[in-house]
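According to numbering that gives the first Met the number 0, the sequence shown holds residues 0 to 267 in order.
Virtual Cβ for every residue (Gly too), placed ideally from N, Cα, C.
Data first, discussion second: the structure below is written as structure tokens.
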Amino acid sequence: MPNLLRKPFGTRGEVHRITPESAGWRYVGFSLYHLKKGDTASEATGDREVILVMVEGKAAITGAGRDWGVLGDRMSVFEKTPPHCLYLPNGSDWTATAETDCVIAVCSAPGKGGHAARTIGPDGITLTERGKGVNTRYINNIAMETEDYADSLLVTEVFTPNGHWSSYPSHRHDEDDFPRITYLEETYYHRLNPASGFGIQRVYTDDGQLDETMAVSDGDVVLVPRGHHPCGAPYGFEMYYLNVMAGPLRKWRFVAAPEVEWIMERDA
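And the structure:
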């Protein structure tokens with residue numbers, strides 16, 4: 000069984016670290032810090048570009064030779080307000096000092112030096128509805144294809160109401176055959192409201208060689224190396240996830256699972 004479900008390994012400081020080496024792939028990296036007021040975290044980006052996402056709380060951040068001031072606004076991710084984020088190119092570093100208790104996501108992928116350091120959001124990020132019926136969910140696009148902020152990274156937030164499905168109809172992006180489909184590795188950082196709840200995520204290929212269904216808890220990360228990857232929020236529990244994608248081409252093109260292709264066509 001592949002190790003697609005990653006539990007946090009601590010409660011303070013760095014609690015997740017997923018590298019291409021530990022994930023068994025080539026592009027996506029994801030780390031997460033839980034900081035108490037006054038705590039500090041810092042990293043060098045090396046040959047990778049980074050988007051820092053202030054998931055919750057506030058921090059004073061320096062990076063790429065600049066003082067970016069205090070970033071962050073929402074105290075709970077389920078406020079659904081646009082996040083404060085910071086893009087940093089490869090060959091730079093950053094330091095964050097928590098002004099309040101905070102959660103900082105570190106999204107990374109290979110950097111090519113094509114973009115300068117910059118803040119992203121909250122201005123310019125608008126919560127957008129997607130889907131129909133119990134497939135309705137709400138999106139904060141941080142750095143998707145239409146936002147030319149990064150060399151490789153694609154980053155977005157998704158809020159799924161209780162009883163709804165998300166990343167559905169099931170789809171995959173695991174072949175390098177643009178414009179039909181692109182190869183993108185992906186991580187899901189999950190949060191639940193109430194935090195005592197659970198969500199469901201399935202990762203499966205058409206041939207069944209990969210077929211894993213996981214119960215995700217608040218704070219878990221799911222790896223999607225290939226295949227379809229729908230998730231669901233049980234009645235009574237709201238689901239949030241932060242997606243990080245990257246591959247050889249910064250384009251998001253996907254193919255629906257054969258069994259749900261009719262739903263995608265109907266609801267287009």
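- When secondary structure is reduced to three states using DSSP, Glu78 falls in the helix class.
- Around the C-beta of Glu258, fewer than 16 other C-beta atoms lie within 10 Å, and the residue is accordingly described as exposed.
- Counting the other CB atoms within 10 Å of its CB gives Thr10 a total below 16, which places it among the exposed residues.
- Between the C-alpha atoms of Asn134 and Pro160 there is a straight-line separation of about 9 Å.
- C-alpha of Ser75 to C-alpha of Asn2: approximately 29 Å in a straight line.
- Secondary structure note for Pro19: its alpha helix (DSSP H) is the uninterrupted segment Pro19 to Ala22.
- In terms of CA proximity to Thr181, Leu153 leads the group Leu153, Val157, Phe197 and Arg201.
- Counted as a single uninterrupted DSSP element, the beta strand (DSSP E) harbouring Asp92 occupies residues Asp92 to Ala97.
- Here the alpha carbons of Gly235 and Ile50 stand approximately 32 Å from one another.
- When the alpha-carbon of Val221 is set against those of Pro109, Ser21 and Asp38, the nearest one is in Ser21.
- Of the candidates Gly246, Asp38, Tyr32 and Leu34, Gly246 places its Cα closest to the Cα of Glu144.
- Close CB contacts of Arg190 within its chain, under the 6 Å cut and outside five residues either way in sequence, are with Val76, Asp217 and Tyr239 (chain order).
- Inclusion of Lys57 and Leu126 in the CB contact set at 9 Å is not warranted, their separation being larger than that value.
- Under DSSP, Pro109 forms a beta bridge with Arg47.
- The continuous stretches of beta strand (DSSP E) do not include Asp150, and DSSP gives it neither H nor E.
- Residue environment for Thr18: exposed (fewer than 16 other C-beta atoms within 10 angstroms of its C-beta).
- Annotated three-state conformation of Asp266 is helix, per DSSP.
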